[in-house]
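All remarks here apply to the structure that follows.
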Amino acid sequence: MKRKSWIIMALVLVVVAVLGYNYLYQDHRDIQQETAVFKGTASELKTLLTGSEDTLSNTTVELRGYVTALELDGLVLSNSVYCKLDSIPEVSLQENLIIKGRVLGYDSLFELVSMDQCKIIND
């Protein structure tokens, strides 16, 4: 009887371990393959999120705009949206771009929409 209970406990432990592993190590989202929920300009997105912050949080968007600032790990688009880029391409100030990425939310301190997983989709 004792051996049977050990086998059952071991099986339960294996099932819990497998389920836990699958939960923690899920496939990550591929933002570039997702369809954009919002397509428009960077200024339009900022206006939209200023009123209601949670409307587009954690969604994929595609934005048009021009580069107004270059940062170490990203850029600012049209003085409205900070885009954290996975890799920094060679871009110049005032260059028009189309960027696809995930919206994190509106930062009222810097008055910028924050995005990550951004990629420039026009070259």
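The numbering of the sequence shown is numbering that gives the first Met the number 0, which starts it at 0 and goes up by one.
Every residue, glycine too, gets a C-beta built ideally from N, C-alpha and C.
Inter-residue spacing [alpha-carbon to alpha-carbon] between residue i and residue j
| i | j | result |
| --- | --- | --- |
| S79 | D85 | 19 Å |
| L108 | T34 | 30 Å |
| L74 | S91 | 10 Å |
| L44 | H27 | 25 Å |
| T54 | N21 | 30 Å |
| L69 | Y105 | 19 Å |
| N95 | I120 | 11 Å |
| I98 | S56 | 17 Å |
| S4 | L23 | 28 Å |
| K118 | P88 | 9 Å |
| K83 | V17 | 34 Å |
| E110 | L12 | 49 Å |
| V14 | Q32 | 32 Å |
| L76 | T49 | 16 Å |
For residue i, the nearest candidate out of the options (CA to CA)
| i | options | result |
| --- | --- | --- |
| Q93 | V102, T67, R101 | T67 |
| D72 | D115, L18, Q32 | D115 |
| I30 | L111, I120, G100, I7 | G100 |
| S113 | I7, L76, L103, N121 | L103 |
| V36 | T59, M8, V11, L76 | T59 |
According to DSSP, residues forming a beta bridge with residue i
| i | result |
| --- | --- |
| M211 | Residue 211 falls outside the range modelled here, since the chain spans only 0 to 122, and no answer is possible. |
| L65 | For the sequence presented, residue 65 should be read as Tyr rather than Leu. Beta-bridge pairing links Y65 to N95. |
| L74 | L69, C82 |
Stretch pair the segment 62-70 + the segment 33-51: three plus CB contacts closer than 8 Å:
yes
Which runs of the beta strand (DSSP E) spanning at least 3 residues fall entirely within the segment 24-50, listed in chain order?
37-40
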